Amino acid sequence: MIGTFDEAAASYDSVGVDFFTPMGAELVRRAAIQPGEHVLDVGCGRGAVLLSAAAAAGPTGRVVGIDLAPSMVELTAAASAHLPGVTVQVGDAQQPAFGPGTFDVVTAGLVLFFLPDPPAAVAAYRELLRPGGRLAFSSFAAFDPRYERAMKALAAHTPTPQRREQAPGMFGSEASLRAALSAWSRIRITEFTQVSRFAGIEQWLTWVGSHGGRAVLAAVPAERLPAATTAAEAELAGARTDDGTIHLTTTIRVVVADR
Numbered sequence: 000m001i002g003t004f005d006e007a008a009a010s011y012d013s014v015g016v017d018f019f020t021p022m023g024a025e026l027v028r029r030a031a032i033q034p035g036e037h038v039l040d041v042g043c044g045r046g047a048v049l050l051s052a053a054a055a056a057g058p059t060g061r062v063v064g065i066d067l068a069p070s071m072v073e074l075t076a077a078a079s080a081h082l083p084g085v086t087v088q089v090g091d092a093q094q095p096a097f098g099p100g101t102f103d104v105v106t107a108g109l110v111l112f113f114l115p116d117p118p119a120a121v122a123a124y125r126e127l128l129r130p131g132g133r134l135a136f137s138s139f140a141a142f143d144p145r146y147e148r149a150m151k152a153l154a155a156h157t158p159t160p161q162r163r164e165q166a167p168g169m170f171g172s173e174a175s176l177r178a179a180l181s182a183w184s185r186i187r188i189t190e191f192t193q194v195s196r197f198a199g200i201e202q203w204l205t206w207v208g209s210h211g212g213r214a215v216l217a218a219v220p221a222e223r224l225p226a227a228t229t230a231a232e233a234e235l236a237g238a239r240t241d242d243g244t245i246h247l248t249t250t251i252r253v254v255v256a257d258r
């Protein structure tokens, strides 16, 4: 999976579709990051959360972003080079290498469900926070069913059909999230809905290739891509509006918990 994101880094969140950036901004808003706070953004990607967190923390704050994909780190470091309080480096979101009580806020935008042991990661983040600090993370609550059907249509044209994993364990419901966060206090769980608009099937395919969906798209043999595209387009037909654009709705769940 790291390789997939490393390959997607150049186009990640950069194909003219509102998706990760507004979701990251909303996570930061609900985390209520204050001027001067020290923030760790794990799995920072191309900075959807990190850049918004830097704006909220202001010139007196400090924001550190870590990611295991070297290309993500390189590009995000370049994009944030003008911000003196921001550092971006290669690092593992499962076990960040920082001392206890280093940060006021730890953020994780749509990343925890990729980790081998999310509950252990959450426990590690708690140790990184100062007393009264908070954790803010997001996960997918619901995909647009037309998107899911379109991805299955693509996957059906791979030599070995791909199976998209559902968010495991703690991400299945609000109750399972609260159970996984039993060591935390004042847990707030809310949802946010994002509508993403695509000019047509070609932009949708470009977008799929710019994030984790790239693994499925890359597995479709070149000679089968036209048929796969036609099948996916048929599944997206119900999402077309009168002007011909495709509108897909994604719901994310945002969790903010105090140490």
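Per numbering that gives the first Met the number 0, the very first residue in the sequence shown carries number 0; after that it's consecutive. All C-beta atoms, glycine included, are put in the ideal place defined by N, C-alpha and C. Quick caveat, the model's predicted, so the values are computed rather than measured.
Requested in this report: Out of E147, L224 and D257, state which residue places its alpha-carbon closest to the alpha-carbon of L247.
Outcome: Comparing Cα-Cα distances from L247 to each of E147, L224 and D257, the minimum goes to E147.
Query raised in the report: Can you list, in chain order, the residues of its chain whose CB lies under 7 Å from that of L114, leaving out five sequence neighbours each side?
Result: When the five nearest sequence neighbours on each side are left out, the beta carbons in the same chain lying within less than 7 Å of the beta carbon of L114 are those of A92, Q93 and A120, in order along the chain.
Query raised in the report: DSSP beta-bridge partners for Q88?
Result: Within the DSSP secondary-structure output, Q88 pairs in a beta bridge with I65.
Query - Pair within 7 Å by beta-carbon distance, T249 and F142 - result: Closer than 7 Å, so yes.
Report task. Note down, one range per segment and in chain order, each alpha helix (DSSP H) of at least 4 residues found wholly within the region 163-223. Result -> For secondary structure counted as the alpha helix (DSSP H) over 4 or more consecutive residues, the region 163-223 holds these complete runs in sequence order: 173-179, 200-207 and 213-217.
Query raised in the report: What did DSSP end up calling F19 once you bin it into helix, strand or coil?
Result: Of the three classes helix, strand and coil, the one that applies to F19 here is helix, per DSSP.
**Report entry** Same chain, Cβ closer than 6 Å to E190, neighbours up to 5 away in sequence not counted
**Finding:** Setting aside the 5 residues that flank it on each side, E190 is surrounded in the same chain by A140, T250 and R252, each with a C-beta closer than 6 Å to its C-beta; the list follows chain order.
Query raised in the report: Under a three-way DSSP split, which group does V121 fall into?
Result: For V121, the secondary structure class from DSSP, reduced to helix, strand or coil, is helix.
Report task. With a threshold of 16 other CB atoms inside 10 Å of the CB of G60, please say whether the residue is buried or exposed. Result -> When all chains shown are included, G60 counts as buried.
**Report entry** Same chain, Cβ closer than 7 Å to L224, five either side skipped, listed in chain order
**Finding:** Nothing meets the Cβ criterion.
Report task. Alpha carbon to alpha carbon, how far is V255 from I186? Give it in angstroms, no decimals. Result -> It is roughly 6 Å from the alpha-carbon of I186 to the alpha-carbon of V255.
Query raised in the report: Contact between the region 37-47 and the region 93-112: three or more CB pairs below 8 Å?
Result: Output reads yes: the region 93-112 touches the region 37-47.
Query - Cutoff 7 Å; reference V48; Cβ partners in own chain excluding five residues on either side - result: Close CB contacts of V48 within its chain, under the 7 Å cut and outside five residues either way in sequence, are with G23, L26, V27, D40, T106 and G108 (chain order).
Query raised in the report: What's the gap between the Cα of R177 and the Cα of G171?
Result: Approximately 11 Å between the Cα atoms of the pair.
**Report entry** Coarse secondary structure for A152, derived from DSSP in three states
**Finding:** Residue state, collapsed to three classes: helix.
Query - Own chain partners of T210 with C-beta closer than 7 Å, once the 5 adjacent residues on each side are dropped - result: Position check: residue 210 holds His in this sequence, whereas Thr was assumed. So the list reads A7 and Y11, once near-sequence residues are dropped.
Query - Through-space distance from A9 to M203, alpha-carbon basis - result: In the sequence under discussion, the amino acid at residue 203 is Trp, which differs from the Met named in the question. W203 and A9 have their alpha carbons spaced roughly 17 Å apart.
Query - First through last residue of the beta strand (DSSP E) which encompasses L134 - result: L134 -> beta strand (DSSP E) spans L128 to A141.
Query raised in the report: Which word fits T228, buried or exposed, when buried means at least 16 other C-beta atoms lie within 10 angstroms of its C-beta?
Result: Buried is the call here.
Query raised in the report: Rounded to a whole number of angstroms, what is the C-alpha to C-alpha distance between I150 and E222?
Result: According to the sequence as given, residue 150 is Met; it is not Ile. Cα to Cα, the separation comes out at about 18 Å.
Query raised in the report: Measuring CB to CB, does H156 end up less than 7 Å from V72?
Result: No; because the gap between Cβ atoms is not below 7 Å, this pair is not in contact.
Query raised in the report: Does the beta-carbon distance from Y5 to A96 come in below 7 Å?
Result: According to the sequence displayed, residue 5 carries Asp and not Tyr. With respect to A96, D5 sits apart: the two C-beta atoms are not nearer than 7 Å.
Query raised in the report: Looking at R239 and L128, is the spacing between their C-beta atoms short of 7 Å?
Result: Cβ atoms of L128 and R239: not closer than 7 Å.
Report task. Quickly, what does DSSP pair R29 with across the bridge? List them, please. Result -> DSSP, once it has assigned bridges, lists no residue as partnering R29.
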